[in-house]
Structure formats: structure tokens, C-alpha cells
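Asker: Residue numbers (the numbering used here), protein chains in the order written: chain G, 1 to 323; chain P, 1001 to 1157. Note that beta-carbon positions come from the ideal geometry of N, C-alpha and C, so glycine has one too.
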Amino acid sequence: MLKIAAYHKPTTLVEAAALLAEDGRTIIAGGTDLLVNPRYMVGVREVVDIRKLGLNYIRAEDGWLHIGAGATMRTVAQQATLQRLANGILARGDGWLHIGAGATMRTVAQQVTLQRLANGILARGAAVCGSPNIRNMATLVGNIASALPSADTPPALLALNAEVVLIGTNGERVVPLDNFFVGPAQSVRERELISELRIPLVDSDDLRGGFYKIGRTAEDISMVNAAATLKIQGGTITRARLVLGAVAPVPLRVTRAEEVLAGKLATEETFQRAAELVRDEVRPITDHRATAAYRRKMSAVATVRALRQAAGLAAQGEEWRHA
Amino acid sequence: MPELEIALTVNGRAVRWHLEPGETLLEALHAHHLKGTKLICGTGDCCGCGVMLNGNSINACCMLAAQAEDGDLLTVEGLAQNGKLHPIQEAFAQEGAAQCGYCTPGFIMRAYAFLQEHPHPDEAEVRAALAGNICRCTGYVKPVAAVLRAAELMQEQ
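Okay, here's the thing in C-alpha cells:
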């Protein structure tokens, strides 16, 4: 039982933003973090359910893929029109993918555009986030709002250069996901709700991606995870983004390794050099899942495997779903 | 404590529930004498409290009951029809797929959701589908056999 005095169910964004401007209120969507992790209920007396705000969408528009805050992964994945629309935009390469705050992990995992975008690294991250039951409830936007460094989808979203749309009583602001996370369970979000995530689709046709999770089981929280996106022309890497999860207070983009990758041949030697830099940059902790030393060592392994996937060089048995 | 009232369908019957705002769906089920859905971990990690809500299998411990408003809920009590066990329940009994039995309703509800989408599963698919269901007796082999058996029984019907 949550110790709350009221449950609010706004039907407009304006109403929701006004509710959230008051002290002691927090957002509930999927609820799979809020109801089980007391850290999100500190000082909270009332909850605001954002699932009636019409944010259940994943749609491509104006060169972006938009993922709304309310869509269950499942609902959107099963809407044929949206699948066709998204694919069409992706083919034209002028779109964004918008993911609403209600999109559940399951919807993300099954969404056709996301399965194709950069080898589907975001869909893969969503597909290993918790159990099937959790993926039916949890939203992708919630995984960002919870801001846990070990989360499965932020590395892929960062590698895809995603942006966060925040709505408060003063209106809307857009924050690159690069600037969103501040610390464990801390972000730049104030008394605002995330209405959607959006991913640029411009120039994404030849974007290659890799995602590798190391956990005791696919369902468990990551000990280490890594996501990479590469553009490769004539064997040479022209652009790289590399992000590690569960090895620092925030999902960690390793720009030094990205700089080393850019301009080099997409070979094992290059990947190993990048992995060495990753091993130096990570700041892992020891907990009941793994020691800091093990996480540091595995950060290099996960990096190389994600990069091999992105370059189409993954060995047998190095598939994304680690068991 | 202020009260909420919601309407929903539970195992095919239209009901109205009076709730406290912070009540979980699992707590509300228990309060309404539907105790087949079990509380085990209470943190969304074991799927012991699995139920079907609007056609999706979910964990009743980590959502508010108020969020189930206007929903269509199916619990393990709703599977048997006219005193006859559902084929999944029948298969779990035939295969002896329970030790202490406490996690069994969660396994059965997860299997129910899975078999609706995958009526002809292979063993690997069943194992992946049940991967989130935790059995502290560590009885994992027989539930897999039971789900494969249930798929056969459902085909025969």
C-alpha cells in the first residue's frame, strides 16, 4: 500500500502540469518503479496518473521518431498504420521517432521501426528490461524518469541521440538526453512530466547499432551493459557513439573512446583500443550483483561485443540476449 | 482516508470496488476475497502475483488498484469454467508441476498469456516466457513440461 492521500487522473497536459506544480506529488504511469522502490516516494503524498493524457503513441513526424509517455509497447506495436507510417518515414530518412510517456517496454521491443533502427538496439534494450509481465506495464519514458544508472534502455537512447520533451506550468522544454541525467535517480526534471522521447531519423538509414547486456539472467538488472552506434563507410568508422550502463552514477557516454573510433578501420584492434579507454573511464560500484573490479573488467568485454555487433562482426554466441 | 470507487470487470463479472488511493491491485483482490493471486516478493521481481489485465499479463503487486478502472481483469479463479479446470491447470496437475504451490498461480497466468499468443510453442520459447517467474522450491522443469502439455490439451479442444 502506498501511503498517499489522493490519486489524480488528469486528462490534459495543462491539468497535469498544474497538479505537478504542487508540493508532494509525483507521477505514476506503469508504476513498476514507484510502487516497489521507496526512494521515489520520499515526501510524496499524492500521485498523478498520466495514462489518460493521450501519450500512448510511437509516431514518426518531421524527421523524428516520437515515443509518447503513455503508450503501452503492446498497443503501439499492434497498430498497423503506425508501423507503416514509421517505416515510410524511416525509408525517406527525414523523420523523428516520437515515443510517448506511456509506451511500455513491450511496445518498444515490438515496434517495427525500433526493431530496424540501428539494428534495433533500443528494441533490444527494451526486450531485456525485466520480465514479460513488467514489460507489459513499464513505460520507456519511465525508465528514463527513474534515472537509474543500471537501466537497460538509456544507453541505447543515448547512442541514438535521443531528446527528452518536458512539460511544466511554464510550457515545454527539450533537453538532449546527454544532459538529462544528474546522478542515481536524479535528473534535470523538476516539477515537470516527460511527455515524450524523440529520436532523430534523419540520416539514420545506414546507422549500425550494437547492444550487449551482462546480467545473471536476461531478466535481472544489468551488471554492465553497453550500446554503440556506428557509421561505417568503406570499412572506416565515420561516426561513433558509445554508452555504458551500470558503471557510473549516470549512464556513461565515453566520448574519448568515440574519438578513438572515429576515422579508424572497423577492426578488432580498434575495438580493443576503445575498450581500454572505457575500462579507464568507468567508475563502478560494488554491490550484491557484482564487484567494482568485475564491472570494470566486463565494461571492456561489453564494449567490444557491442562494437562487433554494430560492425557486423559478432561471433557466434555473442548475441545481444545474454543469459 | 478518502475513498475512491471504480468500476471494472473481474473474471467476467461487472463489479464496483471501494478503494483507498494507495491500495495495490493485489491488495484490492485480497480485500475482495480473491486470494488465489499470491503476494511473494512484492517488488515486481517474481511474477507470483501475475494476472491478466485487458489481455496483458501484469504483476498485481506493482500497480495501483485505481489504475485498473474500467479494466477487464482475469485472475486464476476465473480460469475454471463450470467446475472444469482450464487445460493449463489440468496440465499442471497432470505433470505434478507444483511443489509448495505458492508460485503456481503466477506460472499459470503467465502461461495463459503466453499460450494465447504462441499456441504451438517449443521448449525454448516456453523457457523464455516463464523466465520472470521465480520458484523458491526451484521446480522449473515440470512447469515447462506442463505448459508444453497444456498447448497440446488446448489443441485437442
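For G43(G) and E196(G), what's the separation of their Cα atoms in angstroms?
Answerer: Position 43 of the first sequence holds residue 43(G). Position 196 of the first sequence holds residue 196(G). Their backbone Cα atoms lie some 25 Å apart in a straight line.
Asker: Which residue comes first and which comes last in the beta strand (DSSP E) that contains P176(G)?
Answerer: Position 176 of the first sequence, counting from 1, holds the residue named residue 176(G). Counting along the chain, P176(G) sits inside the beta strand (DSSP E) bounded by residues G171 to P176.
Asker: Kindly give me the distance between the Cβ atoms of N161(G) and P200(G), rounded to whole angstroms, as I take these residues to be in contact under 8 Å.
Answerer: Stepping through the first sequence from its first residue, residue 161(G) is reached at position 161. Stepping through the first sequence from its first residue, residue 200(G) is reached at position 200. Correct: roughly 6 Å between the Cβ atoms.
Asker: Beta-carbon within less than 6 Å of A77(G)'s beta-carbon, same chain only, minus the 5 sequence neighbours each way: which residues are those?
Answerer: For the purposes of this step, residue 77(G) is taken as the residue at position 77 of the first sequence. A caution first: A77(G) carries a pLDDT of 37, below 50, which makes its placement in the model unreliable, though a value can still be read off. Result list for A77(G): T107, Q110 and Q111, in chain order.
Asker: I want to know whether the region 268-288 of chain G touches the region 245-259 of chain G - three or more CB-CB distances under 8 Å.
Answerer: Three or more Cβ pairs closer than 8 Å define a contact, and the region 268-288 of chain G meets that threshold against the region 245-259 of chain G.
Asker: By how many angstroms is the C-alpha of I4(G) removed from the C-alpha of R395(G)?
Answerer: This structure gives no information on residue 395(G), because the portion of chain G shown stretches from 1 to 323.
Asker: Provide the residue span of the beta strand (DSSP E) that contains D1072(P), from first to last.
Answerer: Taking the second sequence and counting its residues from 1, one reaches residue 1072(P) at position 72. Annotation for D1072(P): the continuous beta strand (DSSP E) segment containing it runs D1072 to L1074.
Asker: Are there 16 or more other CB atoms within 10 angstroms of the CB of M1(G), so buried, or fewer, so exposed?
Answerer: Taking the first residue of the first sequence as position 1, residue 1(G) is located at position 1. With fewer than 16 Cβ atoms within 10 Å of its Cβ, M1(G) is classed as exposed.
Asker: Tell me whether the beta-carbon of Q309(G) lies closer than 9 Å to the beta-carbon of F180(G).
Answerer: To locate residue 309(G), count along the first sequence from 1; it is residue 309. To locate residue 180(G), count along the first sequence from 1; it is residue 180. In this structure, F180(G) does not lie closer than 9 Å to Q309(G) by Cβ.
Asker: Considering only C-alpha positions, which residue in the set Q1155(P), Q1157(P) and Q1089(P) is nearest to K1142(P)?
Answerer: Here residue 1142(P) refers to the residue found at position 142 when the second sequence is read from its first residue. Out of Q1155(P), Q1157(P) and Q1089(P), Q1089(P) has the C-alpha closest to the C-alpha of K1142(P).
Asker: Could you name the residues of the region 1063-1074 of chain P whose beta carbon sits closer than 7 Å to any beta carbon of chain G, in the order they occur along the chain?
Answerer: M1063, L1064, A1066 and Q1067
Asker: Which value, in whole angstroms, describes the spacing of the CA atoms of S131(G) and G1132(P)?
Answerer: Your numbering for residue 131(G) matches position 131 in the first sequence. Your numbering for residue 1132(P) matches position 132 in the second sequence. Spanning the two alpha carbons is a distance of roughly 5 Å.
Asker: Applying the criterion that 16 or more other CB atoms from any shown protein chain within 10 Å of the CB defines a buried residue, is H288(G) buried or exposed?
Answerer: Taking the first sequence and counting its residues from 1, one reaches residue 288(G) at position 288. When all chains shown are included, H288(G) counts as exposed.
Asker: Could you list which residues in chain P have their beta carbon closer than 7 Å to that of T32(G), in chain order?
Answerer: Translated into the one-based positions of the first sequence, residue 32(G) becomes position 32. Within chain P, the residues near T32(G) are G1044 and C1062.
Asker: Which of the three DSSP states, helix, strand or coil, is assigned to P200(G)?
Answerer: Here residue 200(G) is taken as the residue at index 200 of the first sequence, counted from 1. Looking at P200(G) - three-state DSSP - the assignment turns out to be strand.
Asker: In angstroms, rounded to a whole number, what distance separates the CA positions of L985(P) and I1108(P)?
Answerer: As displayed, chain P neither begins before 1001 nor continues past 1157, which places residue 985(P) out of reach and without an answer.
Asker: With the cut-off set at 9 Å, would you say E1023(P) and L1064(P) are in Cβ contact?
Answerer: Against the second sequence, residue 1023(P) aligns to sequence position 23. Against the second sequence, residue 1064(P) aligns to sequence position 64. Cβ distance < 9 Å, so E1023(P) and L1064(P) count as in contact.
Asker: Are A266(G) and G235(G) touching if we call contact CB-CB under 9 Å?
Answerer: Sequence index remark: in the first sequence, residue 266(G) carries index 266 (1-based). Sequence index remark: in the first sequence, residue 235(G) carries index 235 (1-based). The answer is yes: Cβ separation under 9 Å.
Asker: How about W320(G): is its C-beta nearer than 9 Å to some C-beta of chain P?
Answerer: Position 320 of the first sequence, counted from the first residue, corresponds to residue 320(G). In this prediction, W320(G) has a pLDDT of 46, which is less than 50 and means its spatial position is unreliable; what the coordinates show is noted afterwards. Not an interface residue.
Asker: Just how far apart, CA to CA, sit L1026(P) and L277(G)?
Answerer: In the second sequence, the residue the question calls residue 1026(P) occupies position 26. In the first sequence, the residue the question calls residue 277(G) occupies position 277. Rounded to whole angstroms, L1026(P) to L277(G) spans 47 Å at the Cα level.
Asker: Can you tell me which residues form a DSSP beta bridge with H1030(P)?
Answerer: Against the second sequence, residue 1030(P) aligns to sequence position 30. None; H1030(P) has no bridge partner.
Asker: Quick check on the burial criterion: 16 or more other C-beta atoms within 10 angstroms. Buried or exposed for A1097(P)?
Answerer: Taking the first residue of the second sequence as position 1, residue 1097(P) is located at position 97. By the beta-carbon neighbour count (other beta carbons within 10 angstroms, threshold 16), A1097(P) is buried.
Asker: By the three-class DSSP mapping on this structure, what secondary structure does A126(G) have?
Answerer: Sequence index remark: in the first sequence, residue 126(G) carries index 126 (1-based). If DSSP states are grouped into helix, strand and coil, A126(G) belongs with the helices.
Asker: Does the region 1117-1125 of chain P come close enough to the region 1067-1083 of chain P to have 3 or more Cβ pairs within less than 8 Å?
Answerer: no
Asker: Check the DSSP bridge columns for M1052(P) and list the partner residues they point to.
Answerer: For the purposes of this step, residue 1052(P) is identified with residue 52 of the second sequence, where counting begins at 1. DSSP lists S1057(P) and L1074(P) as the bridge partner or partners of M1052(P).
Asker: Check the DSSP bridge columns for V47(G) and list the partner residues they point to.
Answerer: By 1-based counting over the first sequence, the position of residue 47(G) is 47. According to DSSP, V47(G) bridges with Y7(G) and T26(G).
Asker: Run through DSSP, which three-state label would A227(G) get?
Answerer: To locate residue 227(G), count along the first sequence from 1; it is residue 227. If DSSP states are grouped into helix, strand and coil, A227(G) belongs with the strands.
Asker: At a Cβ cut of 9 Å, what residues of the region 30-60 of chain G count as close to chain P, listed as they run along the chain?
Answerer: G30, G31, T32, D33, L34, L35, V36, N37, E46, V47, D49 and R51
Asker: With H, G and I counted as helix, E and B as strand and the rest as coil, what does DSSP make of S222(G)?
Answerer: In the first sequence, the residue the question calls residue 222(G) occupies position 222. Coil, per DSSP.
Asker: Using a Cβ cut-off of 8 Å, which residues of the region 126-138 of chain G contact any Cβ in chain P, in chain order?
Answerer: G130, S131, P132, N133, I134, N136 and M137
Asker: Label V14(G) either buried or exposed according to how many other C-beta atoms from any shown protein chain fall within 10 Å of its C-beta, with 16 as the threshold for buried.
Answerer: Along the first sequence, one-based indexing puts residue 14(G) at 14. With fewer than 16 Cβ atoms within 10 Å of its Cβ, V14(G) is classed as exposed.
Asker: I'd like to know if R216(G) contacts chain P, where contact means its C-beta is closer than 9 Å to some C-beta of that chain.
Answerer: Start at 1 with the first residue of the first sequence, and residue 216(G) comes out as number 216. Not one chain P Cβ lies under 9 Å of R216(G).
Asker: Would you decide whether Q1155(P) is buried or exposed? Buried here means 16 or more other CB atoms lie within 10 Å of its CB.
Answerer: In the second sequence, the residue the question calls residue 1155(P) occupies position 155. Label assigned to Q1155(P): exposed.
Asker: Can you give me the C-alpha to C-alpha distance between A17(G) and R191(G), rounded to a whole angstrom?
Answerer: Counting from 1 along the first sequence, the entry for residue 17(G) is found at position 17. Counting from 1 along the first sequence, the entry for residue 191(G) is found at position 191. Cα-Cα distance, rounded: 8 Å.
Asker: Check each residue of the region 263-277 of chain G: if its Cβ is closer than 9 Å to any Cβ of chain P, include it; give the result in chain order.
Answerer: none
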